Structure formats: structure tokens, C-alpha cells
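Engineer: Protein chains in written order, with the numbering used here: chain E, 10 to 324; chain W, 10 to 324.
Yeah, the Cβ is synthetic: ideal placement off N, Cα and C, and Gly gets one too.
Note that the structure is a prediction, hence the values are computed from the model and not measured.
Here's a structure for you.
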DNA sequence: CGATCTTACGGGATTCGTAAACATA
DNA sequence: TATGTTTACGAATCCCGTAAGATCG
């Protein structure tokens, strides 16, 4: 236990020792160790010198453990076994047979394409434990900062000494309205075109709302309601309570026969999504694997929801 | 467990790893490992290559374990601890803080000076377990042959491929008789001088009896009784039931005011005592220590019992 | 720019293999 | 005498330390 005293064993020596204890023959044990017999002999001699006692009784006809050698034998077995188990455990992580990845991301992203990526990831690596924190942008970043999450996908560009944000994709905004709404006929509606109509807002601390407010300043939409969940927005729009403006990545919420969408090309109204991770520590093998699949799995054509309304944008 | 796969860790590497994990600084960990910093760096790099994954996240300002490194850390600690425990266990045996010695010897020797030697040995090395088999000569040898005993002290010269007998000491025989017995006045009594008197014999399978029979052939003593234990012989002699002839090393049994002893100088009547051990395996550290003390502790003047009757012989 | 890790490279110790000597049954 | 271990010695390898280079805060 002390302070790491000077033991100088190597796996080499210990395996040689175990081989000799097993075969009771320098010649055969040397072969098993892939060594010439004299080299093997020297190895054992060195080990005995280090331990300070003869571990084998030997003559040209007979090799066997001494009492002290038997004492050593059990320990050597345990050391080698522990080494192998240790290596195996790490290798399991390298081979993605074990591990854990935690992702923090915006609720507006968590229900869209992410489940597909995670499902594929889980099918490919069923032994990797997955955690998803679907929280608002600020919390996302906090999760990464504190280490609870390996990666965050959020709309905030953070560029601090500890955190690093890589552009992940851009997200254009769409008008959503109940079928038949007059705005749907207007080509390229501008912010002021929306002012006459009741508007369903997301709460002020959502990144969607913040982008929207910034793009419409100094205009104020005619807020009829403020809700927390996009699914709720959809319900309201479908019921004809009002219109709304949401990012392309959330359009899957609005797949409904009674709802139509239109791309908006307003200056500044483009949400940037970032992949955020800690600057000081690399990703674990498992996190790296998920990271790659997240990048590979992102929608190449933002603004083109799976099977729906017209309008397409590139980032 | 597999068949001892190719793990190539050394205590060196693992201790370096643990130092780095502890100090989180290459410079300080290198110092703790008594290595130059670049050499230390290379050591870690080699280890990471062997394991197949980066174990530390590092920048010039920050060093910390990766997820995989933490997995490795526990194992490395256990390996080093096991190594140290193993070495410590063997060292305990070398330092005679642990171990076991088994001696087999003739009953005629087991109660004499041996207890003193064992007592001194036990005082000096209280952690060494001692075993004594006080059995007849043939059994003594068998105990050594089978490995139950490390050493035997017996009267049989064995010179087989497996066993080796070193002369230990010689043991001259003494007449023992009750005070006032007529034989005591006769100088240098011969075998035939004993014929008129009742004789207390030991049983025929004792080495004492065999020596005696050989030396008196073809004469036959006038056997009044045959007993197994020397203590019994003593009792009989003290009671005046008869005389007997016993080796010097057993004379301590006959320390009694009513008994007197006389050396006998008959040709061939000298018992040789041998130290017997296996030829193929050396003595354990503990056995070797006892061996040396047995040799050192033997009576230099055989035939001169501690504080008694006259007569002295050298071997 | 200062502290710290990495790369480059030459020297030295360790370890290996071949060949010969040695020991034991 | 035959099998198997130890010794001798030259060669390849590995490991270390110094010095220069790169990087992060």
C-alpha cells in the first residue's frame, strides 16, 4: 500500500514465471514465451534476484517451485489476471461494448431527427448507455460545462475558455398557419405582413422566441397566447387560434392536413445550431462515435421536412 | 482467463500512470518517477499505444484522465497493489516472518536437546510454524520422501536418488543400571558380562534395539521385558527390574539419583545419526534456518549428558 | 511570454540469440 | 551418453537524458 515502492515486475517476467511453473521445463516454457532458452533462463534468474529468493528448484532433470515460489505463484496469477481484466475492460470501451454517452439538446430538436440517430446508434451499440437531456439552451450548455453531458446541441454560440462550439447546421424559419389562412397566399410575407394576425408565441426564454423577437424588432406580433411546448403551438394553430413562426427542424410537429407552412426569408431570421463540447477534454470513445453519427445524420436539406410542404433552403 | 494473452504492462508503466493520474502534471509525475520529463512522456505515450486509447486529456495547462483512463485507473491500482502484496508475502518468508518447518525425528531424539533448539528457534522467529513428527526411523524417512517433513533426523543412512543423508552426529551407547548394581563396578564391561543380568529391551523395531542386537550377536541378553518407550525403560531400571543399554542422546531420561550410567566401548555399537532431506528440492528459507540451528545446536560432546555421570566420547 | 508538453537524436544499458560449456540421470 | 540448464559473447533493441520545438493560457 505504501507509496508505490519499487516493485519492478513486468508482465513479461510474470508470464515467463507462470509458464515455467506450468511446464516445469525451461525449454518448453521458453518456447511458450517465444524466447530462446538461454534468454528465458536469464529472465527467471533476474526475477529471482529481484524477489530475493530462489523460486524454482532445478536440476537438468527436474524443475519445480520452491516453497517461496509457490507463495509467489498465486500472486503472479492474480497480477496477470488483473492486468488482463483491466485491459479487457478498457478494450470494451474502445470497442463500444461498454460506455455511456449523454447528450443535451434543445427540446425543439429532441423530438425530431435525434430519436432516429439514437435508435440507429443503440441498434449498432446496444451496450452503450444513452442519456438525453432535453432542456433549454442555457441548461444544455451547463450540462456540458459540468460534465453531466458529453455533447450539447444548442442554438447558442459559446466560445469560452472551457467550451467550444462547432457550427452544426442552420435552421430557417417557417410560417405555420391553418389551411386557408390569408397569409398563405401572399408570396414572401414580411414581418409587418404578420402584424394583423393573432400570433401564438413560445415562451420568452426559448431560443426560437429569441430569434424571432430579434428578427422582428422593433415590431411586436399580436400575441394571442404564449405557450411552452411546440406541440401546443401546433394544436393552437390547427384550431385556427392564430399563426406562428417556427424553425424548419421543428416542422415535424406540424405535419397535419389542416396546417400549411411557408418558408420565410427575413434577414437575420436563421437559427444557427452548434455542437458544443468541452475544450479541455476530448470526447470519450463512445461520445466520439455518437458525435460522428450526429454529424452524419443531420438533415442535409434544412427546411425540407420529411414529406411535406414546399419551400427549401440550404444553410 | 484465456491463455495468458499478450499484455505487456510493466510496473514501471503502471506506476508512471498512477503518478500522472495523481499529480495531473507530467513534470511532477516525472519527478516522482525519477525520470526526465520527456522520458516520462514517452512512457505514457507507449502505454497509451499499447492499450489502444488515449488515457489522458492533456494540454500545456491541464492534464486529466479520460473516461477510458479512469476505467484503467482502478485496474492499475489493483495490479500494483497485488504486485506489492505478492512481493511482500515472499519477502516475509525470506525474512522468516512467515513459513512452516516440519521435522521428523526419532522419539529417542525428540525429547532431548531438540526442544531447546526449537524453543530458541521459536523465540527468534515466532511467526514460523513448527511441526515435529516423532516417529520411528522408517517413518521419518517416509515423511521426508512424501514432503510432509522438510528434514528428518534419523539413524538410517539413506542414499537413494531422491533422498540424501548427511552425517549429523554419532551416538555412543551407555549401560544404565540401578545404583549399586554389580555391573557398575566392572570397568569396561563386555557383552558377555551382561548376560547374567535381567535386561529391559526396547521393542524390536526401534533403531536402538537394532543397533544393540547387531552389536551383541550372536549373544542374546536375558530379556526380562520389552517396552516401547524409553521413559518406561527408565522406570523399570529405577525399580531394579533390570539393566539396559541406551544411546547417549537419550540419557537425559535416566537422570535420577537411583540410576547410574557407564559408557560402553563395544565394536560396532555406535549409532550414526543423519540429517536427511530430499535431493531434488532445496530447503525452504525457514527450513534452511532451522537446519543451520540444528547443526549448530547438536551436542558437541556426545556421551556427556548435561550434568551427570562420567564418560565422554567424541564422534 | 512563461510554463508545460512533444519531438529529435545520440549514448548507454538491457535483452536477445547463437554457440559452447556444464551437469545430471 | 543424451537431455536439459547455464555461461559467454556479439548484436539488436529499448530506454533514457539533453536540447530544441510547439502550444496553451
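How many Å lie between residue 51 of chain W and residue 179 of chain E at the Cα?
Structural biologist: Residue mapping note: residue 51 of chain W aligns to position 42 of the second chain, counting from 1. Residue mapping note: residue 179 of chain E aligns to position 170 of the first chain, counting from 1. Distance between the alpha carbons of residue 51 of chain W and residue 179 of chain E is about 43 Å.
Engineer: Measuring only the C-alpha atoms, how far is residue 92 of chain W from residue 304 of chain W?
Structural biologist: Counted from its first residue, the second chain places residue 92 of chain W at position 83. Counted from its first residue, the second chain places residue 304 of chain W at position 295. Going from the Cα of residue 92 of chain W to the Cα of residue 304 of chain W covers about 36 Å.
Engineer: Ignoring anything shorter than 4 residues, give me the alpha helix (DSSP H) runs that lie fully in the segment 200 to 256 of chain E, in order along the chain.
Structural biologist: Those alpha helix (DSSP H) runs which fall completely within the segment 200 to 256 of chain E and span 4+ residues are 200 to 203, 216 to 225 and 239 to 247.
Engineer: For residue 175 of chain W, write down the residues that DSSP places opposite it in a beta bridge.
Structural biologist: Here residue 175 of chain W corresponds to residue number 166 of the second chain, with the count starting at 1. Beta-bridge pairing links residue 175 of chain W to W/284.
Engineer: Is residue 73 of chain E close to chain W, meaning its C-beta is less than 8 Å from at least one C-beta of that chain?
Structural biologist: Here residue 73 of chain E refers to the residue found at position 64 when the first chain is read from its first residue. At least one chain W Cβ lies under 8 Å of residue 73 of chain E.
Engineer: What in chain W is Cβ-close to residue 18 of chain E, meaning under 9 Å?
Structural biologist: Position 9 of the first chain, counted from the start, is the residue given in the question as residue 18 of chain E. In chain order: 19, 20, 92, 95 and 96.
Engineer: Consult DSSP for residue 2 of chain W and reduce its assignment to one of helix, strand or coil.
Structural biologist: This structure leaves residue 2 of chain W out entirely; chain W is present only between 10 and 324.
Engineer: Any C-beta of chain E sitting closer than 8 Å to the C-beta of residue 293 of chain W?
Structural biologist: Stepping through the second chain from its first residue, residue 293 of chain W is reached at position 284. It does: the Cβ of residue 293 of chain W has a partner Cβ on chain E nearer than 8 Å.
Engineer: Given that residue 68 of chain E touches chain W, what residues does it touch there, using C-beta distances under 8 Å?
Structural biologist: Residue mapping note: residue 68 of chain E aligns to position 59 of the first chain, counting from 1. Per Cβ cutoff of 8 Å: 289.
Engineer: On a CA-only basis, which of E/123, E/46 and E/290 is nearest residue 299 of chain E? Give me that one, please.
Structural biologist: Here residue 299 of chain E refers to the residue found at position 290 of the first chain. Closest by alpha carbon: E/123.
Engineer: Between the C-alpha atoms of residue 10 of chain E and residue 99 of chain W, what's the straight-line distance to the nearest angstrom?
Structural biologist: On the first chain, residue 10 of chain E is found 1 positions in, with the first residue counted as 1. On the second chain, residue 99 of chain W is found 90 positions in, with the first residue counted as 1. Caution applies to residue 10 of chain E, whose pLDDT of 40 falls short of 50 and renders its modelled position unreliable; the model cannot decide the point.
Engineer: For residue 318 of chain E and residue 189 of chain E, I'd like the C-alpha separation in whole angstroms.
Structural biologist: Counted from its first residue, the first chain places residue 318 of chain E at position 309. Counted from its first residue, the first chain places residue 189 of chain E at position 180. Residue confidence for residue 318 of chain E is low, a pLDDT of 39 falling below 50, so the modelled location carries little weight; the figure read from the coordinates is stated next. One C-alpha to the other measures close to 14 Å.
Engineer: Would you be able to state if there are at least three C-beta pairs under 8 Å between the segment 72 to 91 of chain W and the segment 278 to 296 of chain E?
Structural biologist: Yes, they touch.
Engineer: For my contact list, residue 163 of chain E and residue 211 of chain E are in at a C-beta cut-off of 8 Å; report their separation, rounded to the angstrom.
Structural biologist: Stepping through the first chain from its first residue, residue 163 of chain E is reached at position 154. Stepping through the first chain from its first residue, residue 211 of chain E is reached at position 202. At roughly 16 Å, the Cβ-Cβ gap does not stay under 8 Å, so residue 163 of chain E and residue 211 of chain E are not in contact.
Engineer: Listed from N- to C-terminal order along the chain, which residues in the segment 233 to 262 of chain E have their beta-carbon within a distance smaller than 7 Å of any beta-carbon of chain W?
Structural biologist: Cβ contacts with chain W come from no residue of the segment 233 to 262 of chain E.
Engineer: For residue 17 of chain W, does the three-state DSSP call read helix, strand or coil?
Structural biologist: The sequence position of residue 17 of chain W within the second chain is 8, counting from 1. It is coil, neither helix nor strand.
Engineer: Counting only runs that start and end within the segment 103 to 135 of chain E, where is the beta strand (DSSP E) found for 3 or more residues in a row?
Structural biologist: Complete beta strand (DSSP E) runs here, min 3: 108 to 114.
Engineer: If I measure Cβ to Cβ from residue 216 of chain E and keep anything under 8 Å in the same chain, skipping five residues before and after, which residues do I get?
Structural biologist: Your numbering for residue 216 of chain E matches position 207 in the first chain. Counting only Cβ-Cβ distances below 8 Å, and skipping sequence neighbours, we find 115, 117, 145, 146, 163, 164, 165 and 280.
Engineer: Ignoring anything shorter than 3 residues or poking outside the segment 19 to 95 of chain W, list the beta strand (DSSP E) runs there in chain order.
Structural biologist: List check, beta strand (DSSP E) in window: 65 to 67 and 72 to 74.
Engineer: Output yes or no for whether 8 Å exceeds the beta carbon distance between residue 284 of chain W and residue 160 of chain W.
Structural biologist: Position 275 of the second chain, counted from the start, is the residue given in the question as residue 284 of chain W. Position 151 of the second chain, counted from the start, is the residue given in the question as residue 160 of chain W. A contact, by the Cβ cut-off of 8 Å.
Engineer: With 8 Å as the threshold, decide whether the Cβ of residue 26 of chain W is near any Cβ in chain E.
Structural biologist: Position 17 of the second chain, counted from the first residue, corresponds to residue 26 of chain W. No, residue 26 of chain W lies away from the interface with chain E (no Cβ there is under 8 Å from its Cβ).
Engineer: Enumerate in chain order the residues of its own chain whose CB-to-CB distance from residue 297 of chain E is below 8 Å, with the five nearest sequence positions on each side excluded.
Structural biologist: What you label residue 297 of chain E is simply residue 288 of the first chain in a count that begins at 1. Cβ within range, chain order: 291.
Engineer: Excluding the 5 residues flanking residue 105 of chain E on each side, which residues of the same chain have their C-beta closer than 7 Å to its C-beta?
Structural biologist: Counting from 1 along the first chain, the entry for residue 105 of chain E is found at position 96. Excluding positions up to five away in sequence, the list reads 134, 137, 294, 295 and 298.
Engineer: Could you name the residues of the same chain whose beta carbon sits closer than 6 Å to that of residue 12 of chain W, not counting the 5 residues immediately before and after it, in chain order?
Structural biologist: Taking the first residue of the second chain as 1, we reach residue 12 of chain W at position 3. Interpretation of residue 12 of chain W is limited by its pLDDT of 46, a score under 50 that renders its predicted location unreliable; the figure taken from the coordinates is listed afterwards. Closer than 6 Å at Cβ, skipping near neighbours: no residue.
Engineer: Would you mind telling me which residues of chain E sit closer than 8 Å to residue 85 of chain W, beta carbon to beta carbon, in chain order?
Structural biologist: Position 76 of the second chain, counted from the first residue, corresponds to residue 85 of chain W. Within chain E, the residues near residue 85 of chain W are 95.
Engineer: Please confirm whether residue 60 of chain W and residue 33 of chain W have their CB atoms less than 8 Å apart.
Structural biologist: As a first step, residue 60 of chain W is located in the second chain; it is residue number 51 there, counting from the start. As a first step, residue 33 of chain W is located in the second chain; it is residue number 24 there, counting from the start. Against a cut-off of 8 Å, the Cβ pair of residue 33 of chain W and residue 60 of chain W comes out as no contact.
Engineer: Once DSSP output is grouped into helix, strand and coil, what is the label at residue 307 of chain W?
Structural biologist: Translated into the one-based positions of the second chain, residue 307 of chain W becomes position 298. Residue state, collapsed to three classes: coil.
Engineer: Apart from the five residues just before and just after residue 62 of chain E, which ones in its own chain have a Cβ nearer than 7 Å to its Cβ?
Structural biologist: Against the first chain, residue 62 of chain E aligns to sequence position 53. Counting only Cβ-Cβ distances below 7 Å, and skipping sequence neighbours, we find 77.
Engineer: Any idea if residue 155 of chain W is buried or exposed, counting beta-carbon neighbours within 10 angstroms, 16 or more meaning buried?
Structural biologist: Here the question's residue 155 of chain W lines up with position 146 in the second chain. Residue 155 of chain W should be labelled exposed.
Engineer: What residues from chain W crowd round residue 77 of chain E, counting only those whose CB sits closer than 8 Å?
Structural biologist: In the first chain, residue 77 of chain E corresponds to position 68, counting from 1. Simply 99, 102, 103, 293 and 294.
Engineer: Cα separation between residue 40 of chain E and residue 70 of chain E?
Structural biologist: For this step, residue 40 of chain E is matched to residue 31 along the first chain. For this step, residue 70 of chain E is matched to residue 61 along the first chain. Distance between the alpha carbons of residue 40 of chain E and residue 70 of chain E: 18 Å.
Engineer: If we define contact as Cβ-Cβ less than 8 Å, is residue 144 of chain W a contact residue for chain E?
Structural biologist: The residue labelled residue 144 of chain W in the question sits at position 135 within the second chain. It does not: the Cβ of residue 144 of chain W has no partner Cβ on chain E nearer than 8 Å.
Engineer: Let me know if residue 269 of chain E comes out buried or exposed under the rule of 16 or more other beta-carbons within 10 Å of its beta-carbon.
Structural biologist: Here residue 269 of chain E refers to the residue found at position 260 of the first chain. The residue is buried, with at least 16 neighbouring Cβ atoms inside 10 Å.
Engineer: How would you call residue 18 of chain E, buried or exposed, if buried means at least 16 neighbouring beta carbons within 10 angstroms?
Structural biologist: For the purposes of this step, residue 18 of chain E is taken as residue 9 along the first chain, with counting starting at 1. So residue 18 of chain E counts as buried.
Engineer: Determine the burial state of residue 253 of chain W: buried for a count of at least 16 other Cβ atoms within 10 Å of its Cβ, exposed for fewer.
Structural biologist: As a working note, residue 253 of chain W is residue 244 in the second chain. Under this definition residue 253 of chain W is a buried residue.
Engineer: Output yes or no for whether 8 Å exceeds the beta carbon distance between residue 289 of chain E and residue 42 of chain W.
Structural biologist: As a position in the first chain, residue 289 of chain E is number 280, starting the count at 1. As a position in the second chain, residue 42 of chain W is number 33, starting the count at 1. No, Cβ-Cβ distance for residue 289 of chain E and residue 42 of chain W is not below 8 Å.
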